[in-house]
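In the UniProt record's numbering, the protein residues as written are 3 to 399.
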Ligand code: PLP
């Protein structure tokens with residue numbers, strides 16, 4: 003299939019970074035300003051207060067110039083000491099990566115193994131916590147929405163398992179690909195450290211991440227001895243901004259102010275509903291394709307479907323990268339690829355951020371064209387299933 007010069011708007015269907023609304027692009031295009039200028043501090047304080055509302059927390063929030071990995075690292079070095087043991091419920095590529103980072107810092111990592119297509123067993127989690135009567139496990143590092151597989155890890159159930167076993171471990175939650183797209187409630191779910199990033203549901207450019215930290219998290223920080231400096235929360239608290247040891251990325255805060263305005267103008271619940279219906283439309287389309295030995299939903303646990311990303315499993319013998327290549331090079335639609343062991347086996351449709359029905363239908367139509375051109379078996383007409391569902395929802399609303 004011949005590549006073509008890209009014309010028209012690119013349909014960006016990656017699960018992060020995501021489409022940046024024009025009003026955020028304009029807001030980010032701000033001239034340089036002293037980060038202690040009162041005009042900027044007003045924007046800064048309002049944006050940080052907004053992040054707290056989106057995280058649904060009353061607690062401390064620290065922000066970093068760095069992508070989500072920086073916030074992962076900040077959580078680890080600020081809370082723990084060499085040899086501390088963490089429990090990582092296996093979700094996929096991102097739980098593996100966070101666990102690997104913890105090992106790099108000399109922490110002990112226990113993995114609660116799971117089939118990436120089905121997710122962990124909560125009875126098993128309770129068993130592990132109940133058996134840990136000496137409380138060797140200092141924290142659970144949970145990836146709320148596994149972006150590599152399109153599966154959610156219900157955090158309220160993790161909190162319930164900790165409470166049911168009277169286990170004092172901290173609950174760390176990565177909400178990088180769920181925040182601003184799916185329900186997340188830091189304080190209500192008893193999350194001690196919530197890790198978020200700028201480039202997904204918040205619809206901002208990549209480059210800023212943050213952690214919400216509970217009082218229990220701050221108490222653990224006081225006893226932590228892992229080396230830290232630039233990411234040290236204690237150092238940050240001495241600054242006016244209570245974050246950022248160096249220069250503050252001011253332009254991102256103009257964007258963040260606009261991002262929060264957009265999310266709150268729509269209403270968080272409406273935002274979540276929009277993601278839920280677009281996610282369901284994608285799933286109905288993929289289910290339709292899956293007839294005739296076509297591509298299918300990677301996630302096999304319907305109660306844990308992600309509303310921000312869908313991983314689509316290719317039929318045996320067919321390469322997901324060929325589909326992605328045609329979609330991008332011929333039709334200018336950018337899809338996500340398979341990560342680590344899923345490389346070539348899945349492609350991912352991101353459906354989060356600044357997105358509506360025509361955008362998702364355009365993406366699904368293009369994926370179907372790419373399947374056809376790549377010679378991948380499928381039942382044609384998946385987009386009709388998505389159209390029927392989206393029309394039905396619109397009718398009822
Ligand atoms: N955690 C999750 C769930 C992610 O989806 C990502 C990135 O896609 C990361 C962590 C890493 O974040 P970053 O790429 O911003 O460093």
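No residue lacks a Cβ here, since even glycine has one placed at the ideal position from N, Cα and C.
Return helix, strand or coil for residue 370, following the three-state DSSP convention.
-> helix
Can you tell me which of the three DSSP states residue 318 falls into?
-> coil
Is it the case that the CB of residue 351 approaches a heavy atom of ligand 1 more closely than 6 angstroms?
-> no
Counting Cβ pairs, one atom from each stretch, are 3 or more of them under 8 angstroms apart for the segment 155-173 and the segment 193-209?
-> yes
Would you report the Cα separation of residue 235 and residue 134, rounded to the nearest angstrom?
-> 29 angstroms
Can you give me the Cβ contacts of residue 298 inside the same chain, cut-off strictly under 6 angstroms, excluding the 5 residues immediately before and after it?
-> 292 and 315
Cβ contact (3+ pairs, closer than 8 angstroms) linking the segment 249-269 and the segment 206-216 = yes
Sub-7 angstroms separation of residue 202 and residue 18 beta-carbons = yes
For residue 264 and residue 16, believed in contact at Cβ under 8 angstroms, the rounded distance = No, residue 16 and residue 264 are not in contact; Cβ-Cβ is about 20 angstroms, not under 8 angstroms.
Please state if the CB of residue 296 and the CB of residue 381 are separated by a distance shorter than 7 angstroms.
-> yes
Rounded to the nearest angstrom, how far is the Cβ of residue 311 from that of residue 366, given a contact under 8 angstroms?
-> Not a contact, Cβ separation roughly 14 angstroms.
Mind checking residue 326: buried by the 16 CB within 10 Å criterion, or exposed?
-> buried
Counting pairs of beta carbons, one from the segment 346-356 and one from the segment 16-36, are three or more of them closer than 8 angstroms?
-> yes
Closest residue to residue 334 among 369, 187 and 182 (Cα-Cα distance) = 369
Cβ of residue 76 within 7 angstroms of Cβ of residue 233?
-> yes
In three-state DSSP terms, what is residue 66?
-> strand
How close, in whole Å, do the beta carbons of residue 175 and residue 144 come, if the pair is a contact with beta carbons under 8 angstroms?
-> 5 angstroms
Which one of 363, 66, 164 and 290 has the shortest CA to CA distance from residue 251?
-> 66
Identify every run of the alpha helix (DSSP H) within the segment 92-121, keeping only runs that are complete inside it and at least 4 residues long; order them along the chain.
-> 95-106
Between residue 278 and the rest of its own chain, which residues show a CB-CB distance below 6 angstroms, the 5 nearest in sequence each way excluded?
-> 309
For the beta strand (DSSP E) that residue 350 lies in, which residues bound it at each end?
-> 348-352
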